[in-house]
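Quick notes on the structure that follows.
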Amino acid sequence: MYRIILLENEQILLSKEIEDYDETFSYINSLVKQLDKNKKIIVHEMRNEKWEKFGEWKLE
830 MYRIILLENE QILLSKEIED YDETFSYINS LVKQLDKNKK IIVHEMRNEK
880 WEKFGEWKLE
């Protein structure tokens, strides 16, 4: 299970939980197109019954 969060200026714009690994990355790819300097994507993965940070995407 993955939780994908789209943030703008540290405020949550969108949060979605997806079970399928491939679907998760398809969704991340669609969000990457929406990124600008104030937005970032944070992904958490459910491991050992708790959410752990899996990755972060933002414009450099």
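For the numbering used here, add 829 to where a residue sits in the sequence shown, where the first one is 1. Where is the CB? At the ideal position from N, CA and C, for every residue including glycine. Every value quoted in this text rests on a predicted model; they were computed, and no experiment measured them.
What does Ser844 pair with, by DSSP beta-bridge criteria? Within the sequence shown, numbered from 1, the residue matching residue 844 stands at position 15. Ser844 is bridged to Ile834.
For Glu874, which three-state DSSP category applies? Taking the sequence shown and counting its residues from 1, one reaches residue 874 at position 45. Correct three-state label for Glu874: strand.
To the nearest angstrom, how far is it from the Cα of Ser859 to the Cα of Asn877? As a working note, residue 859 is residue 30 in the sequence shown. As a working note, residue 877 is residue 48 in the sequence shown. Each residue's Cα considered, the two are about 28 angstroms apart.
Please tell me whether, using a cut-off of 8 angstroms, the distance from the CB of Lys882 to the nearest non-hydrogen atom of the ligand ZN is below it. Ligands in the displayed structure: none, and consequently the ligand ZN is not present.
Nearest-angstrom beta carbon gap, Phe883 and Glu889 [assumed within contact, 8 angstroms]: Translated into the one-based positions of the sequence shown, residue 889 becomes position 60. Translated into the one-based positions of the sequence shown, residue 883 becomes position 54. Taking a contact as a CB-CB distance under 8 angstroms, the pair Glu889 and Phe883 does not count as one, their CB atoms being some 19 angstroms apart.
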